[in-house]
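Right, one structure below, let's go through it.
Residue numbers (the working numbering): 278 to 398.
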């Protein structure tokens, strides 16, 4: 049921979802692997995230992501979010040597409770 809701959202918002300039630390890994990589979000929408990082991943790579949304977006307290997605674009940034700009879809997302935060890391 949740997949169907996400698919409908992707279909409705695929033209151009509203993006929010949120710069926050993000950790991501190839789905099924244990090693996390670090980066910084440039912007986030309901269907995707743009990440600056030093670790290149090929497009079509399934990934998992974790980041904290600021207080003003999620309510009373900052909230950690766990997402699954797929890399859709990855390129070296010409302005900064060694930096990669990577775009990923967000296929599934959920807020983590305190107990879950300890177990995923």
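Beta carbons are placed, not taken as given, at the ideal position from N, Cα and C, and that holds for glycine.
May I have a chain-ordered list of the alpha helix (DSSP H) segments no shorter than 4 residues that lie completely inside the segment 301-361? Listed in chain order, the alpha helix (DSSP H) elements of length 4 or more contained wholly in the segment 301-361 are 348-351.
Taking the Cβ atom as the reference point for each residue, do residue 342 and residue 297 lie within a distance shorter than 8 angstroms? No. Outside cutoff.
Reference residue 340; option with closest CA among 384, 294, 390 and 322: Cα-wise, what sits closest to residue 340 is 384.
Candidates 378, 320 and 319, of which the one nearest residue 335 by Cα: Residue 335 has its Cα closest to that of 378, out of 378, 320 and 319.
CB-CB under 6 angstroms to residue 356, same chain, minus the five flanking residues each way: which ones, in chain order? If we look at residue 356 and ignore the five residues flanking it on each side, its Cβ neighbours are 346 and 388.
Please classify residue 360: is it buried, with 16 or more other beta-carbons within 10 angstroms of its beta-carbon, or exposed? So residue 360 counts as buried.
On the three-state DSSP scale, how would you describe residue 386? Here residue 386 sits in strand by DSSP.
Cut-off 8 angstroms between Cβ atoms - residues of its own chain near residue 295, not counting five sequence neighbours on either side: Sequence-distant partners of residue 295 (beyond 5 residues in either direction) whose C-beta falls short of 8 angstroms from its own C-beta, in its chain, are 322 and 323.
Can you tell which of 319, 303 and 320 has the C-alpha that lies nearest to the C-alpha of residue 313? Minimum Cα distance to residue 313 is reached at 303.
Out of curiosity, what's the CA-to-CA distance linking residue 318 and residue 328? Residue 318 and residue 328: Cα-Cα distance of roughly 4 angstroms.
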